[in-house]
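Numbering (numbering that gives the first Met the number 0), first residue to last: 0 to 105.
Glycine included, C-beta positions come from ideal geometry on N, C-alpha and C.
As the structure is a computational prediction, the values presented were derived from the model and not from experiment.
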Amino acid sequence: MERGQTVDIVTGRPPEAAETVLDTGARKEEKLHERAAALGISQSADGAILVNLISKRLEKRLEALAANDAECVAYIAVLQDLGYTESAARRAVNTLYERHLKRKTP
0 MERGQTVDIV
10 TGRPPEAAET
20 VLDTGARKEE
30 KLHERAAALG
40 ISQSADGAIL
50 VNLISKRLEK
60 RLEALAANDA
70 ECVAYIAVLQ
80 DLGYTESAAR
90 RAVNTLYERH
100 LKRKTP
């Protein structure tokens with residue numbers, strides 16, 4: 000059985016193209032963070048609503064990605080068999096927040 004082309008799981012593109020996409024995404028994220036800080040979004044009530052909205056969309060996106068990934072499906076099935084009821088995607092969002100965003104947030 001022949002294997003297909005190697006693809007980055009996050010971008011769905013070949014590894015070389017994925018690096019470019021991820022670099023561009025990192026630059027966009029940095030610019031958005033700078034703009035948000037300049038506008039005071041991080042500290043405002045509207046900013047909290049925006050963060051909540053983005054978190055929910057991220058959770059849904061992670062659920063969609065997990066549903067199409069055999070390894071994730073297996074992990075979720077094991078958690079469900081153990082009686083774990085919290086959304087795996089929600090927990091992943093929380094973990095990502097703790098790792099990447101919490102220390103950056105003013």
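What's the call for residue i, buried or exposed, on a 16-neighbour Cβ count within 10 Å?
{"i": "A63", "result": "exposed"}
{"i": "L61", "result": "buried"}
{"i": "V92", "result": "buried"}
Nearest by alpha-carbon distance to residue i: which of the options is it?
{"i": "I53", "options": "Q4, L95, D7, V6", "result": "L95"}
{"i": "E56", "options": "R98, A88, Y83", "result": "Inspection of the sequence shows that residue 56 is occupied by Arg rather than by Glu. Nearest C-alpha to R56: A88."}
Suppose the cutoff is 8 Å on Cβ atoms and the five residues either side in sequence are ignored; what does the same chain contact list for residue i look like?
{"i": "E33", "result": "none"}
Using a Cβ-Cβ cutoff of less than 7 Å, which residues in the same chain neighbour residue i once the five nearest sequence positions on both sides are dropped?
{"i": "L81", "result": "none"}
{"i": "P14", "result": "T5, D7"}
Among the residues of its own chain, which have a CB less than 6 Å from the CB of residue i, if the five just before and after it don't count?
{"i": "Q79", "result": "none"}
{"i": "E58", "result": "A88, R89, V92"}
Of all the beta strand (DSSP E) runs that stay within the bounds of the stretch 44-85, which reach a length of 3 or more residues?
Entirely contained in the stretch 44-85, not one beta strand (DSSP E) run reaches 3 residues.
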